[in-house]
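Structure first, then comments.
Chains as they are written, first to last, in our numbering: chain A, 7 to 218; chain B, 555 to 674.
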């Protein structure tokens, strides 16, 4: 069972980057697989109404070998619309069980997290910020990350969208508290793929998102 | 893992849709063959301007929300003009109030009037 759980986590979402559109359209399902310099995980969520989503999440803290499994809710607190832009403010929270895996024999403990995400986007520019506090059963932790992105060309509906982005994340308690990750985002129809690299810790990052 | 990533990039890159304008029997240019065919079959073209549509996820939300309605024969999003275009099947009705509500359920906001037929 331990290996199954580890494998599930290994295929995919971390806590790092602000997700693109964490709430979908009514009746929409979304799968987000993500790995960054700290975590690897998977989130599958369903949007019952346009302003919130609920989902199941598994997340593997690779440094401490802690595997979280639980549920997450995301609330679209506010969306600002313009002719050429969109901005969003989200709040999210989750709860479940975090257990030690591999060489970590600390056992299973109750765990939870909460955070805020904000983004502003045009067809050319992208800005986002996310902050999160969590307790995986061993005390509180906080982190934040921010992104800026530019689209080198403007693509139409159904065409391949490409974004060049830089993410800066801040984990105050980590040995490398601040790290910069350049990444490229490919985006077409219901699919999104991000590939990046964090030189400070020699770690790759990726995100794959699909809307059903 | 590397092969999976390469395959995903290739899938995103090479499976592009045809966006060439299509002409119907009345020689009006439509952005997709599906819209042209639906109008040719007696449907009514409807268009509206939408706020906040800046990416393909926005467009997918709109096309899937409208596309699963029985009244809608075809739907298209123009990110350049920020417009929603759809064709209501012959003999069916999709009221302005319903269209406004479906746009809201997609997560977006309609602006201006909803245009139909020759005005669309």
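Cβ atoms here follow ideal geometry from the backbone N, Cα and C, with glycine treated the same way.
**Report entry** Proximity below 8 Å, CB of residue 609/B to CB of residue 662/B
**Finding:** Here residue 609/B refers to the residue found at position 55 when the second chain is read from its first residue. Here residue 662/B refers to the residue found at position 108 when the second chain is read from its first residue. Taking 8 Å as the Cβ cut-off, residue 609/B and residue 662/B do not qualify as a contacting pair.
**Report entry** Proximity test, Cβ basis, 8 Å: residue 579/B and chain A
**Finding:** For the purposes of this step, residue 579/B is taken as residue 25 along the second chain, with counting starting at 1. With a pLDDT of only 49 at residue 579/B, under 50, the local geometry of the prediction cannot be trusted, and the value read off the model is given with reservation. By this cut-off, residue 579/B is not an interface position.
Requested in this report: Can you grab the Cα-Cα spacing for the pair residue 197/A / residue 215/A, in whole Å?
Outcome: On the first chain, position 191 is the one that residue 197/A refers to. On the first chain, position 209 is the one that residue 215/A refers to. Approximately 6 Å, taken between the alpha carbons.
Requested in this report: For chain A, find out if any of its Cβ atoms is closer than 8 Å to the Cβ of residue 639/B; answer yes or no.
Outcome: Residue mapping note: residue 639/B aligns to position 85 of the second chain, counting from 1. Judged by the 8 Å Cβ criterion, residue 639/B is not in contact with chain A.
**Report entry** Whole-number beta carbon distance between residue 644/B and residue 595/B, since they are thought to touch under 8 Å
**Finding:** If you number the second chain from 1, residue 595/B lands on position 41. If you number the second chain from 1, residue 644/B lands on position 90. Yes, residue 595/B and residue 644/B are in contact; Cβ-Cβ is about 7 Å, under 8 Å.
Report task. Let me know if residue 159/A comes out buried or exposed under the rule of 16 or more other beta-carbons within 10 Å of its beta-carbon. Result -> Working through the first chain from its first residue, we reach residue 159/A at position 153. Answer is exposed; the Cβ neighbour count stays below 16.
Query raised in the report: If residue 640/B and residue 657/B are in contact, beta carbons under 8 Å, what's the gap, nearest whole angstrom?
Result: In the second chain, residue 640/B corresponds to position 86, counting from 1. In the second chain, residue 657/B corresponds to position 103, counting from 1. With a Cβ gap of about 11 Å, residue 640/B and residue 657/B do not count as contacting.
Query - Burial state of residue 54/A, where buried means 16 or more other Cβ atoms lie within 10 Å - result: By 1-based counting over the first chain, the position of residue 54/A is 48. Exposed, because fewer than 16 other Cβ atoms sit within 10 Å of the Cβ of residue 54/A.
Report task. State the beta-bridge partners of residue 214/A as determined by DSSP. Result -> The residue labelled residue 214/A in the question sits at position 208 within the first chain. 39/A, 199/A.
Report task. Kindly list, in the order they appear in chain B, the residues whose Cβ is closer than 8 Å to that of residue 34/A. Result -> The residue labelled residue 34/A in the question sits at position 28 within the first chain. Chain B residues near residue 34/A: 615, 618.
**Report entry** Per-residue burial, residue 579/B [other beta carbons within 10 Å of its own, 16 or more giving buried]
**Finding:** Taking the first residue of the second chain as 1, we reach residue 579/B at position 25. Residue placement at residue 579/B is flagged as unreliable, the pLDDT there being 49, under the threshold of 50; the coordinate-derived value follows with that caveat. Exposed is the call here.
**Report entry** Continuous alpha helix (DSSP H) assignments of at least 4 residues falling wholly in the region 595-672 of chain B
**Finding:** 610-621, 650-660
Query raised in the report: So which of 96/A, 77/A, 101/A, 113/A has the shortest CA-CA distance to residue 86/A?
Result: To locate residue 86/A, count along the first chain from 1; it is residue 80. When each option's Cα is compared against that of residue 86/A, the closest is 96/A.
Requested in this report: Identify the contact partners of residue 127/A in chain B, using a Cβ-Cβ distance below 8 Å as the criterion.
Outcome: Stepping through the first chain from its first residue, residue 127/A is reached at position 121. Ordered by position in chain B, the residues that pass the 8 Å Cβ test against residue 127/A are 608, 609.
**Report entry** DSSP state of residue 158/A mapped onto helix, strand, coil
**Finding:** As a position in the first chain, residue 158/A is number 152, starting the count at 1. Here residue 158/A sits in coil by DSSP.
Query raised in the report: How about residue 631/B: is its C-beta nearer than 8 Å to some C-beta of chain A?
Result: As a first step, residue 631/B is located in the second chain; it is residue number 77 there, counting from the start. Answer yes: the Cβ-Cβ gap between residue 631/B and chain A drops below 8 Å somewhere.
Query raised in the report: Among all the DSSP beta bridges, which residues are the ones paired with residue 171/A?
Result: Numbered from its first residue, the first chain carries residue 171/A at position 165. According to DSSP, residue 171/A bridges with 155/A, 189/A.
Requested in this report: Note the first and the last residue of the continuous beta strand (DSSP E) segment covering residue 58/A.
Outcome: The sequence position of residue 58/A within the first chain is 52, counting from 1. Residue 58/A -> beta strand (DSSP E) spans 58-67.
Requested in this report: Please list, in chain order, all residues of the same chain as residue 181/A whose beta carbon is under 6 Å from its beta carbon, the five residues on each side excluded.
Outcome: By one-based count along the first chain, residue 181/A stands at place 175. If we look at residue 181/A and ignore the five residues flanking it on each side, it has no Cβ neighbours.
Query raised in the report: Skipping 5 residues on each side, what residues in its chain have a beta carbon closer than 6 Å to that of residue 35/A?
Result: Sequence index remark: in the first chain, residue 35/A carries index 29 (1-based). Answer for residue 35/A: 52, 218, listed in chain order.
Query raised in the report: To the nearest whole angstrom, what separates the beta carbons of residue 600/B and residue 669/B, a pair I think is in contact under 8 Å?
Result: The count along the second chain starts at 1 and reaches residue 600/B at position 46. The count along the second chain starts at 1 and reaches residue 669/B at position 115. Indeed they touch by this definition, with Cβ atoms about 7 Å apart.
**Report entry** Three-state class that DSSP yields for residue 179/A in the structure shown
**Finding:** Counted from its first residue, the first chain places residue 179/A at position 173. Residue state, collapsed to three classes: coil.
**Report entry** Cross-strand partners of residue 149/A (DSSP beta bridge)
**Finding:** Here residue 149/A refers to the residue found at position 143 when the first chain is read from its first residue. Answer is 138/A.
Requested in this report: Hey, could you find the ends of the beta strand (DSSP E) residue 115/A is sitting in?
Outcome: Counting from one through the first chain, the residue named residue 115/A turns up at place 109. That run of the beta strand (DSSP E) goes 114-127.
Query - Where residue 184/A sits in the DSSP three-state scheme - result: Within the first chain, residue 184/A is the residue found at index 178, counting from 1. Here residue 184/A sits in strand by DSSP.
Report task. Determine, using beta carbons only, whether residue 165/A and residue 194/A come nearer to each other than 8 Å. Result -> Taking the first residue of the first chain as position 1, residue 165/A is located at position 159. Taking the first residue of the first chain as position 1, residue 194/A is located at position 188. Yes, the pair counts as a contact, with Cβ atoms nearer than the cut-off.
**Report entry** Proximity winner among 178/A, 119/A, 67/A, 90/A, relative to residue 42/A (alpha-carbon distances)
**Finding:** Numbered from its first residue, the first chain carries residue 42/A at position 36. The shortest C-alpha separation from residue 42/A is found at 67/A.
Query raised in the report: What number of angstroms, rounded off, separates the C-alpha of residue 206/A from the C-alpha of residue 128/A?
Result: Translated into positions along the first chain, residue 206/A becomes position 200. Translated into positions along the first chain, residue 128/A becomes position 122. Between residue 206/A and residue 128/A, the C-alpha separation is close to 30 Å.
Query raised in the report: Any residues in the region 27-55 of chain A with a beta carbon nearer than 9 Å to a beta carbon of chain B? Which ones, in chain order?
Result: 27, 29, 30, 31, 32, 33, 34, 53, 55
Requested in this report: Give every residue of the same chain whose Cβ lies closer than 6 Å to the Cβ of residue 57/A, excluding the five residues on either side of it in the sequence, and list them in chain order.
Outcome: On the first chain, residue 57/A is found 51 positions in, with the first residue counted as 1. Around residue 57/A: 82.
Query raised in the report: According to DSSP, what are the bridge partners of residue 80/A?
Result: Residue 80/A sits at position 74 when you count from the first residue of the first chain. Looking at the DSSP assignment, residue 80/A forms a beta bridge with 59/A, 98/A.
Report task. Would you tell me roughly how many angstroms separate the C-alpha atoms of residue 78/A and residue 65/A, rounded to the nearest one? Result -> By one-based count along the first chain, residue 78/A stands at place 72. By one-based count along the first chain, residue 65/A stands at place 59. Going from the Cα of residue 78/A to the Cα of residue 65/A covers about 12 Å.
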